[in-house]
Amino acid sequence: MSESLSAPLTLDSVTVRYGRTVALSGASFQVPSGSITAVLGPSGCGKTTMLRAVAGLEPIAEGTIRVGDRVVSGPGIAVLPERRGVGLVPQDGALFPHLTVRGNIGYGLRGRAARRDRVEEMLALVELHDVADRRPAQLSGGQRQRVALARALAPSPSLIGLDEPFSALDSGLRTALRSQVSALLRTSGATALLVTHDPAEALAMADWVVVLLDGEIRQIGTPEDVYARPVDHRVGGLFGDLNRIGAGADRRHARPHELRLHAAGALDPATDAVATGLVTAVEFRGTHHQVTVVSTDSGEPVVVVVPAGSRPPQLGDEVAVVPADAHSRTSTRTM
1 MSESLSAPLT LDSVTVRYGR TVALSGASFQ VPSGSITAVL GPSGCGKTTM LRAVAGLEPI
61 AEGTIRVGDR VVSGPGIAVL PERRGVGLVP QDGALFPHLT VRGNIGYGLR GRAARRDRVE
121 EMLALVELHD VADRRPAQLS GGQRQRVALA RALAPSPSLI GLDEPFSALD SGLRTALRSQ
181 VSALLRTSGA TALLVTHDPA EALAMADWVV VLLDGEIRQI GTPEDVYARP VDHRVGGLFG
241 DLNRIGAGAD RRHARPHELR LHAAGALDPA TDAVATGLVT AVEFRGTHHQ VTVVSTDSGE
301 PVVVVVPAGS RPPQLGDEVA VVPADAHSRT STRTM
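So the sequence shown is residues 1 to 335, counted in UniProt numbering.
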């Protein structure tokens, strides 16, 4: 993430406090123009506080926030939320229940003719012309979120902030809508800051991921970087099971799909096992079986995936765990 003085959003050593509690500590990063940057972390990590500070809804104790080339929060500076050029899509959409879809999208836009044209443009973008005269109570959850996005985009803000926009939706709709919203943001050319606790959402939608834990930024990188090369076990664990394998200087991390299982007595002597132990759990997950092996040496669990078309080991079986690349170089029988 290269630095630019004219980036749509720049945080420089931003700290937010609630009394003696530090909710956000020394946060620094930029959001590149035209990108989607996800702030990922568990509940209570400070991500919504960060977004509210960017939007001008929370004062900062230290540091500066710039939107474009203008400081909007800093020592002696607190630009009002409506003057920051930041559009906000809250978790529940926060639509006006008494207004139609058209009325919600056009709310706050100036000039009757310009407002009408912009509303029509936004309706076309989010494909909601057929429900333009309905009120929020008459819409589905996905439609309401698209209206909220259109309303935020309508004034052409410098930045769109999305606060857990899909968290209230069921799994199937959430997956479909995040694809739609991602496409809409890219079609519009908007720059977006997405706050989420869902790693799948961050990986699927974002160009850059900012990992936030306990109010501190722990890693910034592309989705591929933070998934494949986490800075530590805790960051890696946000993206699913992550095994600790090896010992001492050789200790490293491995995802379940990077490991394979062998019957303990059938392993080629030239192949180094990262663990041997007993199978303590086998769970069918549709596309694969998830197998848990408790290491005889360390007592730690190691999770491995076995494709659904392959026969998984049984509970109590003694197995050896090897790296997948070692598996590909040997003809030893696998399980």
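Using N, Cα and C, we set each Cβ at its ideal position, and we do this for glycine too.
Along the chain, where does the beta strand (DSSP E) that runs through A263 open and close? First-last of the beta strand (DSSP E) with A263: 259-263.
According to DSSP, residues forming a beta bridge with S73: Paired residue(s): I65, A78.
First through last residue of the alpha helix (DSSP H) which encompasses R112: DSSP places R112 in the uninterrupted alpha helix (DSSP H) bounded by 112-126.
Going by CA-CA distance only, name the one from I77, D69, V302 that's closest to A61. Ranking the options by Cα distance to A61, first place goes to I77.
Is A152 buried or exposed, if buried means 16 or more other CB atoms sit within 10 Å of its CB? By the 10 Å Cβ count, A152 comes out buried.
Could you name the residues that DSSP lists as bridge partners for L278? Per DSSP, V294, E318.
What's the gap between the Cα of G53 and the Cα of S156? Per the sequence shown, the amino acid found at residue 53 is Ala instead of Gly. If I take the Cα positions, the gap works out to 20 Å.
Inter-residue spacing [alpha-carbon to alpha-carbon] between P81 and Y107: Rounded to whole angstroms, the gap between the alpha carbons of P81 and Y107 is 16 Å.
Just verifying my parser: in three-state terms, what is the DSSP assignment at R17? In the structure shown, the three-state DSSP call for R17 is strand.
Mapping the DSSP letters down to three states, classify L139 as helix, strand or coil. In this structure, L139 counts as coil in the three-state DSSP scheme.
Could you pull out every residue in the same chain whose Cβ sits closer than 6 Å to the Cβ of D207, ignoring the five residues on either side in sequence? Non-local beta-carbon contacts of D207 in its own chain, meaning distances under 6 Å to residues more than five positions away in sequence, involve S35, I36 in chain order.
Give the DSSP-derived three-state secondary structure of I160 in the structure shown. Strand.
A254 to I245 span [Cα, whole Å]: For A254 and I245, the distance between alpha carbons rounds to 7 Å.
At what residues does the alpha helix (DSSP H) containing L169 begin and finish? Membership of L169 in any alpha helix (DSSP H) is not indicated, and neither H nor E is assigned to it by DSSP.
Does P256 come out as helix, strand or coil in the three-state DSSP assignment? It is helical.
Compare the Cα-Cα distances from R144 to each of A113, R116, I105 and report the closest residue. For R144, the nearest C-alpha among the options comes from I105.
Let me check understanding here. Comparing Cα to Cα, which of A27, E318, H288, G299 lies closest to R311? R311 has its Cα closest to that of H288, out of A27, E318, H288, G299.
Is L203 near V209, with beta carbons less than 9 Å apart? In this structure, V209 lies closer than 9 Å to L203 by Cβ.
Judging by CA-CA distance, which residue of V89, S140, V235 is the nearest neighbour of L173? Out of V89, S140, V235, the CA that lies nearest to the CA of L173 is found in S140.
Please report the Cβ distance between V274 and D317, rounded to the nearest whole angstrom; I am assuming they are in contact, meaning their Cβ atoms lie under 8 Å. So it is not a contact: roughly 17 Å between Cβ atoms.
Could you tell me the distance, in whole angstroms, from the CA atom of P199 to the CA atom of P42? Their Cα atoms are separated by approximately 10 Å.
Proximity of A137 and T100 at Cβ, strictly below 9 Å: With a cutoff of 9 Å on beta-carbon distance, A137 and T100 are scored as not near each other.
On the DSSP letters alone, give me the boundaries of the beta strand (DSSP E) that V235 sits inside. In this chain, V235 is not harboured by any beta strand (DSSP E); it is covered by the alpha helix (DSSP H) spanning 233-237.
Can the beta-carbon of V14 be found closer than 9 Å to that of T196? No.
Which stretch, first to last residue, makes up the alpha helix (DSSP H) that contains A7? Per DSSP, A7 belongs to no alpha helix (DSSP H) and is neither H nor E.
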